[in-house]
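Numbering (my numbering), first residue to last: 1 to 70. Heads up, the thing below is written out as structure tokens.
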């Protein structure tokens, strides 16, 4: 799972956070799943969480600092 996280994020620390959050979210829905392919479902949860996080980051306004002293 960590290798998949690394392939998405390109950062070791972000990949660890991604795996941890994906496992947490997977455990929240685990008992509601009807299929038995848990590995595929876990990777899908990880991918969806990563893309949701990227979309939220894009929507954040960028704050620029302007130096007014001349």
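Even glycine gets a Cβ: it sits at the ideal position worked out from N, Cα and C. The structure presented is a predicted model; accordingly, all values stated were derived computationally and were not measured.
- With contacts defined as CB atoms closer than 8 Å, residue 21 and residue 49 qualify as a contacting pair.
- About 6 Å separates the beta carbon of residue 18 from that of residue 9, a gap short enough to meet the 8 Å contact definition.
- Under the three-state reduction of DSSP output, residue 46 falls in the helix class.
- If you compare the alpha carbons of 35, 24, 31 with that of residue 46, the shortest gap goes to 24.
- By the C-beta density criterion, residue 42 is buried, having at least 16 other C-beta atoms within 10 angstroms.
- Taking residue 54 as the centre and dropping the five residues before and after it, the same chain places no C-beta closer than 7 Å to its C-beta.
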